[in-house]
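J.: Once you've had a glance at the structure underneath, I'll fire off some questions.
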Amino acid sequence: FPSGSIALLQRGACNFQLKAENAAAAGASGVIIFNQGDTEDRKDLLNATLGDSYAGGIPVFFATYDVGVGLAQSTETQVRMLADVVRERAQTFNLIAESRHGNANNVVMAGAHLDSVYEGAGINDNASGSAALLELALQLQKVRPKNKLRFAWWGAEESGLVGSTYYVNQLPAEQKSKIKTYLNFDMIASPNFAYFIYDGDGSAFGLQGPPGSAAIEKLFEEYYKLRGLPSEGDEITFRSDYAQFFQDGIAFGGLFTGAEVLKTPEQANLYGGTAGVALDPCYHASCDDLNNIAQRALEINGDAMAFVTSWLSFSTKVVDDQIEAAKAEKSVARSVQSYDITHWGKHWIK
180 FPSGSIALLQ RGACNFQLKA ENAAAAGASG VIIFNQGDTE DRKDLLNATL
230 GDSYAGGIPV FFATYDVGVG LAQSTETQVR MLADVVRERA QTFNLIAESR
280 HGNANNVVMA GAHLDSVYEG AGINDNASGS AALLELALQL QKVRPKNKLR
330 FAWWGAEESG LVGSTYYVNQ LPAEQKSKIK TYLNFDMIAS PNFAYFIYDG
380 DGSAFGLQGP PGSAAIEKLF EEYYKLRGLP SEGDEITFRS DYAQFFQDGI
430 AFGGLFTGAE VLKTPEQANL YGGTAGVALD PCYHASCDDL NNIAQRALEI
480 NGDAMAFVTS WLSFSTKVVD DQIEAAKAEK SVARSVQSYD ITHWGKHWIK
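The end of the sequence shown is residue 529 by our numbering, with every number in the run present.
Set out below in C-alpha cells:
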C-alpha cells in the first residue's frame, strides 16, 4: 500500500475498527469505507461507529455504495479528507435499580440503553425501550416478586456497548452466576415496524443463545399468540446490550422492531406498513424525534415486556429446565467420551 494515501475499503465481514486499524498499520493517512451494495439496505450512507478502543489514529469516513464504486473505478480522482471532530475520553453512567423483594440468588434482569447518536434526539432509538422499561419498573413496585428484579439503563451503547459490557465484565463470578436471565429492549416502536423476538433457539438464523434463551423466546411468542398477532425471530448480531451477557453464557431474550433494513412484501402483509421502506426510516438520523414512534407497537411491546418479566419474576422454571437439560447433556457427552477413550485404551492393550 502506498504510504500516505487514502485507503478505499468496502463494508464486509470484519468490523469497521479492524478495517481502519489495518489500513493505518499499512500506512494509510485516512480511510473511506463504502457500503457493501449486495442488498438494497446496504447501498446508502450508514452512520457507523469505530468502537471505544479504536487506535488507528487516522480519520475514517463512510460513503454510499455508488460513491465507493465511482472512486474505485476512477484512475484520475484525487481525494482530500478533512475531519472536524473531537475525540476524547468522557465519563458515562449506568443506572441500576432493584426490587426490594425477591430471591437475590435468582435475578431476572431487564435493560435498555439511555444514549442516542449525536445526530438525533433518539426517540425510537432508544427512548422507546428506556421509557417502557421505566414504566414497567414503576408498575412492578405494586407486586412482591419471588425472584429479584433488576433494571438497567445503559450508558454509551452507541459508542460500542460500553456501559453493558463494563457492567458484566466487572461483576464477580459469584454475582454473575445469580443472574438467571437478561431481557433487552432496544428500539421497540419503529414507525414501519415488525414484531421481532431475538432468535434464542436458533431456529431462524442458526445461532442459538445460551441455555434458557429458547424458553424466553417461547414466552414472548406466547404473548403475541395471545394477542392474535404475528411475530418472527430476529438474528443475533451482537449490536445491542445483550452481547456481553450472551458471551458470558447468561440466558437472554428481548424485542426489536427494526432499524435500517427494508421491510419485505411478506412483512408488509403481516404487519401492515410499507414494503421497500426501512423499518425505521429515521434510524440514527435527526428525524428520530417525537413523530418517529409507532404508538401501536409501543403499546403492544410494552405489554409483552410486562408479560414476560412478570412471569419470570414469579417463576424461572422454564429457563431452569433448559439450563439443567443442557448440563445433563454435557455430562452425558463427557461420559460417552470417557467411555470411548477407556474402551479404545483397553482394546489397544489387548
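Even glycine gets a Cβ: it sits at the ideal position worked out from N, Cα and C. All values derive from a computational prediction rather than experimental measurement.
#1: Output the boundary residues of the beta strand (DSSP E) element that contains Thr360.
#2: Which residue's Cα is closest to the Cα of Val341: Ala447, Gly412, Val248 and Ala422?
#3: Spell out a yes or no on whether the segment 437-452 and the segment 384-396 are touching, meaning 3 or more CB-CB pairs, one atom from each, closer than 8 Å.
#4: Just to confirm my understanding: we take Lys357, look at its own chain, exclude 5 residues before and 5 after, and list those with CB closer than 6 Å. What are they?
#5: Who are Asn326's beta bridge partners in DSSP?
#6: Would you list, in sequence order, the uninterrupted alpha helix (DSSP H) runs of no fewer than 4 residues that lie entirely inside the segment 237-263?
#7: Taking only the alpha-carbon atoms, compute the straight-line gap between Gly524 and Ala504 and give it to the nearest angstrom.
#8: State yes or no: is the C-beta of Leu224 within less than 8 Å of the C-beta of Thr243?
#9: Between Pro238 and Arg279, what straight-line distance do the alpha-carbon atoms span, to the nearest angstrom?
#10: Which whole-angstrom value describes the C-beta separation of Ala368 and Ile472, a residue pair presumed to lie in contact below a C-beta threshold of 8 Å?
#11: Can you tell me whether DSSP reads Ile479 as helix, strand or coil?
#12: Is Ala331 helix, strand or coil by DSSP?
#13: In the structure shown, what three-state DSSP assignment does Tyr345 receive?
#14: Per DSSP, Tyr377 is paired with what?
#15: For Val511 and Gly388, I'd like the C-alpha separation in whole angstroms.
#16: Mind checking whether Ser182 and Gly206 have CB atoms under 8 Å apart?
#17: Would you grab the beta carbon distance between Phe372 and Gly433 for me? Rounded to a whole angstrom, and I think it's under 8 Å.
#18: Please confirm if the segment 316-324 is in contact with the segment 258-271, defined as three or more CB-CB distances below 8 Å between the two stretches.
#19: Entirely within the segment 431-486 and at least 4 residues each: give me those alpha helix (DSSP H) ranges in chain order.
#20: Near Gln202, which residues of its chain fall below 6 Å by C-beta distance, leaving aside the five closest residues on each side in sequence?
#21: Applying the criterion that 16 or more other CB atoms from any shown protein chain within 10 Å of the CB defines a buried residue, is Gly455 buried or exposed?
#22: Assuming Ile212 contacts Phe180 under a Cβ cut-off of 8 Å, what Cβ separation, rounded to an integer in Å, is found between them?
#23: Specify, as a first and last residue, the run of the beta strand (DSSP E) that Gln270 falls within.
#24: Could you check which residue in Pro370, Glu353, Met484 and Phe424 has the C-alpha nearest to that of Leu469?
#25: Compare the C-alpha of Asp459 against each of Asp420, Asn448, Leu449 and Phe435 and name the closest.
#26: Can you tell me which residues form a DSSP beta bridge with Glu508?
#27: Please report how far the alpha carbon of Lys222 lies from the alpha carbon of Asn214, in whole angstroms.
#28: Nearest-angstrom Cα distance between Phe425 and Tyr346?
#29: On the premise that Trp333 lies in contact with Asp420, defined as a C-beta separation below 8 Å, what is that separation, rounded to the nearest angstrom?
#30: State the start and end residues of the unbroken alpha helix (DSSP H) segment that holds Gly209.
#31: Which word fits Phe375, buried or exposed, when buried means at least 16 other C-beta atoms lie within 10 angstroms of its C-beta?
#32: Please state whether the Cβ-Cβ distance between Arg406 and Ile479 is less than 8 Å.
T.: Per the coordinate set shown:
#1: Ile358 to Phe364
#2: Ala422
#3: no
#4: Scanning its chain for C-beta atoms nearer than 6 Å, with the 5 sequence neighbours on each side dropped, one finds around Lys357 the residues Asn284 and Val286, in chain order.
#5: Asn282
#6: 244-252
#7: Interpretation of Gly524 is limited by its pLDDT of 48, a score under 50 that renders its predicted location unreliable; the figure taken from the coordinates is listed afterwards. Those two C-alpha atoms are separated by around 30 Å.
#8: yes
#9: Spanning the alpha carbons of Pro238 and Arg279 requires a straight line of approximately 48 Å.
#10: 5 Å
#11: helix
#12: strand
#13: helix
#14: Under DSSP, the beta-bridge partners assigned to Tyr377 are Asp413.
#15: 21 Å
#16: yes
#17: 15 Å between Cβ atoms; not a contact.
#18: no
#19: Listed in chain order, the alpha helix (DSSP H) runs fully inside the segment 431-486 are 444-450, counting runs of at least 4 residues.
#20: Correcting the residue identity first, residue 202 is Ala in this sequence and not Gln. Closer than 6 Å at Cβ, skipping near neighbours: Ala186 and Val210.
#21: Counting of Cβ neighbours within 10 angstroms places Gly455 among the exposed residues, the total staying below 16.
#22: About 15 Å; that fails the 8 Å criterion.
#23: Run containing Gln270: none; DSSP gives neither H nor E here.
#24: When each option's Cα is compared against that of Leu469, the closest is Pro370.
#25: The residue with the shortest Cα to Cα distance from Asp459 is Phe435.
#26: For Glu508, DSSP assigns no beta-bridge partner whatsoever.
#27: 5 Å
#28: 13 Å
#29: 5 Å
#30: Here Gly209 belongs to no alpha helix (DSSP H); instead the beta strand (DSSP E) covers Gly209 to Phe213.
#31: By the neighbour-count rule (16 or more Cβ atoms within 10 Å), Phe375 is buried.
#32: In this structure, Ile479 lies closer than 8 Å to Arg406 by Cβ.
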